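Residue numbers (numbering that gives the first Met the number 0), protein chains in the order written: chain F, 0 to 325; chain V, 0 to 531. C-beta: ideal position from N, C-alpha, C; glycine also. Just so you know, these numbers come straight off a predicted model, no measurement behind them.
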Amino acid sequence: MLAFIVRRGLQAIGVLLAVGIIAFAMFRFAGDPVNQIVSLDTPAAEREQVRRSLGLDDPVPVQFVRYLAKAAQGDFGVSYQFRQPVSDLLAERMPATLELAICATLFATIFGVLMGVYSGLSRDSILAKVFQTISLIGISLPTFLIGILLIYLFAVTLGWLPSYGRGDTVKLGWWSTGFLTGSGLKALIMPSITLGLFQMTLIMRIVRAEMLEVLRADYIKFARARGLTTRAINFGHALKNTLVPVITIVGLQLGSVIAFAIITETVFQWPGMGLLFVQAVQNVDIPIMAAYLLLVALIFVMINLAVDILYTVVDPRLRTTIRQPT
Amino acid sequence: MTTRTKILVATAAALLVGSAVPALAVTLRYANQGDLKSLDPYTVNETTTNAHLGHVYEGLTRRGKDLAIQPSLAERWEISEDGLTWRFFLRKGVKFHNGNPFNADDVIFSANRVRAQGSNFQTRVPTNAEFVKVDDYTVDVKLKSPNPILNSQWDTWYIMDKEWAEANNATAPTPAAATTPSYSALNANGTGPFKIESHQPGAKTVFKTNKEWWDKAEHNLDEIVFTPIGSDATRVAALLSGEVDVIEPVPLQDIQRVNGSANAKVLSGPELRTIFLGMDQTRDELLFSNVKGKNPFKDKRVREAFFKAIDIETIKSRVMRGLSTPSALMIAPELFTYSKDFVRPKYDLEGAKKLLAEAGYPNGFEVGMDCPNDRYVNDEAICQAVVSMLARAGVKVNLMAQPKAQYFAKVLKSGNYNTSFYLLGWTPGTFDSHNVLHDIEGCRDNPQSSRGESNLGNFCNKKHDELTDKILVETDKAKRDQMIKEAFQITVDEYGYIPLHQQALAWGVSNKVKLSQRADNSVLLYWAQKTE
């Protein structure tokens, strides 16, 4: 197991390096940061001064190596827009994104599994058909459109939920949480649904398909023959066996939930890392863009690792292959 | 004490405390598309940031609702006979938010700081102007040559507290390219009507009323909560649902919906920025064209043909939904006395075709056009309209619409003016014609001078530049205006530029709020009245 984790760790470093190289190769297409920093009527000499002091006059490979050397020591630079260390900014924004991602994933998993199991067991019922329709909507409508529709229905027309922001937050050490205030919880509802809808659809469809598959399997027939209760068969045997693909999906999708929070955060002005990234792209704020991309890559690698380990818990057959690598 | 008595006592106490507070605090919530990027008033020279900081900091002068210069931290000023010495009499009894008194030392400190390396406001105060302390409340400014517009931009040259800056290691301005965090970028200490209560960059800033402000407040607010909301739809939704009271800007397509709602209306008016088209008149062969060996834009007839082929009224009614003011000059009418004397040449497609034929292009030609798509109101749509209008005159325009980050990197000096035909917007920072004559219309031929640095197509006329130099030092307003008029006439006659229009301001304001709109698009909430 240890060798497995070490090997994965080395792979992770390779992934991060590759992401860094690609990111730096792309940044010069994002535009010239200097024009975003100074105003339009700034004299050219002053612009050159700014360019030099940021080290932007060096060739891209030099900038990249310098960035890596600093990043390796935990220094991700100072944001061009806010004149604050990038690590402080990301740390300040991270709780918002993670709380949103957790809520969205919980929403997606709970409702996805419930709806999936129901439509798998009684697939001809009207409710199951309604779920199928909802899942089609969830897959086909783009996130920002769902967000805007929700805002217009629940914030502008009905006035029940806030249209933007996190509401009031409480500080627990450096972590700011919206879970402890009424307005914070209310503010979480629409963004979580918007962000989780696609995942919910996915989970529901997988659970449904797996349930249909598993229910035809021989051991289920055998369990029926043994006279077990329907409840024990459906949830003890059938559902448990559908969970491996669900864990894969939830795990891998958690990474994309965090990464795709960009769109949801922009629509709801959610003060998280995704919104910070969008603002950074518009302003060619390279230090924030680079740090965010590396962070997202790191999150993906970590989640993959966690999913691999979780597999072994759920599926004993995999334990031997991990212990004895071929 | 039983539980019940405890509750009674607690309730009574709560009631007493409650009645001691006069009324509910009035909070105005404001959302802008852009962000408050730095609290250091010398870092970014940008309208939105300057307007925000204008609630906290003040200059020696300020500008009123009509943009007229008014005394602020300076009560009055005198100019000597020869125009070389300006004497400023400072207001007495003014205190900074931390309680420090305001005096001549702070002015001299701020004059040095604003001109120091790293400041984005170096041009606010001439480098060779000498600041002399006469006494604690009198400062002389000694100039090398007369400068009639010395204090025209001093409303956004904010005065900082010398002692505060020294105590917090903030005597140097935070450069736009700061590589280390700075105290003054996250904290503020001004003399203005509001104090900064908390500031979370990119997320939320809270302003509280400064009860000790020296002037009588026009607003009735206790608190301003500012949130940047970049997404147009969300910003409008927040206004319509009553979660914010003021938004800037309202996208053109949402104006009717906001006006049709019960909660809010749109406050609109002409803005000072002029949107215009420019043409490369300097290269011997255009970079992006099928005409080889010569540059069609060097021919005045071609420039005139382009001007006349553009139907500005259609752009106004279709693209701008009526919210623009077609322009004859490169400066907004509010900023120049004789603007009314200039009339925009009429749309004349046949005349344009004839001019092109005379210039040797009876079948037109091809040219590439650069256009930003996220900088000005409907910028890309304007360019598309221009493309189809020029097509009717036989000119094929290949449009390259791009985000401002790429656009400015390509067309500005740092990109080596890599354009043949472009759309740009300009507001003279000084609110004075000289800025336009010098930066936009001046010849670019001297690499040592900053003249014409933003003249991307290098329209160039020597007589125009001679006039510009005289205008800089002329102190007689009547004579000066006459010369400005003459200089603008040259650009107009030469068809050096194609001014299009002034775009309209569009602020969304809740029906609970009364607010004055200033034409430079500064949202100044110290003029806001809110009723609950």
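Below-9 Å beta-carbon distance, residue i vs any chain V residue
i	result
F/Pro84	yes
F/Tyr291	no
F/Gly158	yes
F/Arg65	no
F/Pro42	yes
F/Leu274	yes
F/Ile147	yes
F/Gln80	yes
F/Leu89	no
Coil, strand or helix - residue i by DSSP
i	result
F/Ser86	helix
V/Ala67	coil
V/Arg75	strand
V/Asp438	helix
V/Val20	With a pLDDT of 45 at V/Val20, under the threshold of 50, the modelled position of that residue is not reliable, and the figure given next carries that caveat. In the structure shown, V/Val20 sits in coil (DSSP, three-state: anything other than H, G, I, E or B).
F/Asp307	helix
F/Val169	strand
V/Phe225	strand
V/Val55	coil
V/Glu129	strand
V/Leu89	strand
V/Ala503	strand
F/Leu294	helix
V/Gln255	helix
V/Gln528	strand
F/Pro42	coil
V/Asp492	helix
V/Lys299	helix
V/Asp231	helix
V/Lys288	Note that residue 288 of chain V is Ser in the sequence shown, not Lys. Strand.
Beta carbon proximity, residue i to chain F, threshold 9 Å
i	result
V/Ser509	no
V/Tyr406	yes
V/Val301	no
V/Gly277	no
V/Leu251	no
V/Ser534	Nothing can be reported for residue 534 of chain V, as the shown portion of chain V is limited to 0 through 531.
V/Gln501	no
V/Gln255	no
V/Ile533	Because chain V in this structure spans residues 0 to 531, residue 533 of chain V falls outside the shown range and cannot be described.
V/Gly241	yes
V/Gly428	yes
V/Phe414	It is worth fixing the name first, because residue 414 of chain V is Gly in this sequence and not Phe. Taking Cβ atoms only, chain F reaches closer than 9 Å to V/Gly414, which makes this a yes.
V/Leu411	yes
V/Asn156	In the sequence as displayed, the identity of residue 156 of chain V is Trp instead of Asn. With 9 Å as the cut-off, V/Trp156 does not count as an interface residue toward chain F.
Element boundaries [alpha helix (DSSP H), containing residue i]
i	result
F/Leu242	Lys239 to Val266
V/Glu465	Lys461 to Val472
V/Tyr421	Element bounds for V/Tyr421: not the alpha helix (DSSP H) but the beta strand (DSSP E), Phe420 to Trp425.
F/Thr142	Thr142 to Leu149
F/Pro32	Pro32 to Ile36
V/Leu38	Here V/Leu38 belongs to no alpha helix (DSSP H), and DSSP marks it neither H nor E.
V/Tyr416	Per DSSP, V/Tyr416 belongs to no alpha helix (DSSP H) and is neither H nor E.
Range covered by the beta strand (DSSP E) that runs through residue i
i	result
V/Met278	Ala263 to Met278
V/Arg541	Any question about residue 541 of chain V goes unanswered here, given that chain V covers just 0 to 531.
V/Val138	Thr137 to Lys141
V/Ile325	Correcting the residue type first, residue 325 of chain V is Pro in the shown sequence and not Ile. Unbroken beta strand (DSSP E) run through V/Pro325: Ser323 to Pro325.
F/Thr176	Trp174 to Thr176
Opposing strand residues paired with residue i [DSSP bridges]
i	result
V/Gln199	V/Lys203
V/Ile497	V/Leu276
V/Glu247	V/Asn31
V/Pro371	V/Gln401
V/Ser509	V/Ala263
V/Val376	According to DSSP, V/Val376 bridges with nothing at all.
V/Asp283	Answer by DSSP bridge pairing: none, since V/Asp283 is not bridged.
V/Pro100	V/Lys94
V/Asp134	V/Thr137
*At which residue ranges does the region 339-369 of chain V contain complete alpha helix (DSSP H) runs of 4 or more residues, listed in the order of the chain?*
Runs of the alpha helix (DSSP H) inside the region 339-369 of chain V: 348-357.
*Quick one: which unbroken alpha helix (DSSP H) runs of 4-plus residues sit fully inside the region 178-237 of chain F? Chain order, please.*
DSSP runs (the alpha helix (DSSP H)) wholly in the region 178-237 of chain F: 181-214 and 217-224.
*What runs of the alpha helix (DSSP H), each 4 residues or longer, lie entirely inside the region 152-202 of chain V?*
161-166 and 182-185, all fully within the region 152-202 of chain V.
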